[in-house]
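Going by this note's numbering, 40 is the number at position 44 of the sequence shown; the sequence numbering is gapless. Below you'll find the structure, written out as structure tokens, and then a few comments.
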Amino acid sequence: MEFLTLSVGYVAAFCSTFGLLPLALRVWRTGEVNQIPIGMVTVMFIGALLWLLYGIFRVDQVIIGANAISLLFIGYVSVVKLRSIIK
């Protein structure tokens, strides 16, 4: 049962983390963020940050790693989005 639980956790972490990669790559290649709502970016950033803190509190390396990477992806998109708003 432990193996199954860990496997589900790893697959879920991989999917939710790298599900953001296509968005981050598209923004990096095109610089286009007009179609991305700032509210969505904000909520995703806050969610990943809170999950990261939760992982730190629980000392869960899978949660910490997955959400640290997610924060990099969504953080990059957030910075580009905010720069486009400020212009």
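Don't be surprised by glycine CBs; every beta carbon is placed ideally from N, CA and C.
DSSP three-state assignment for residue i, whether helix, strand or coil
| i | result |
| --- | --- |
| M40 | helix |
| V29 | coil |
Contacts around residue i, its chain only, beta-carbon distance under 8 Å, and the 5 residues preceding and following it disregarded
| i | result |
| --- | --- |
| I32 | L19, V23, V73, K77 |
| V75 | none |
Continuous alpha helix (DSSP H) stretch holding residue i: start and end
| i | result |
| --- | --- |
| G61 | 57 to 82 |
| V23 | 17 to 26 |
Own chain, CB closer than 7 Å to residue i, minus 5 neighbours either side, in chain order
| i | result |
| --- | --- |
| Y6 | V58 |
| L16 | S66, F69, I70 |
| Y50 | I59 |
Other residues of its chain near residue i: CB distance less than 6 Å, five sequence neighbours each side excluded
| i | result |
| --- | --- |
| F41 | I70, S74 |
Q | Inter-stretch contact at 8 Å, needing at least 3 Cβ pairs: the stretch 1 to 20 / the stretch 54 to 65 | A | By the Cβ criterion, the stretch 1 to 20 is in contact with the stretch 54 to 65, since at least three pairs of Cβ atoms, one from each stretch, lie closer than 8 Å.
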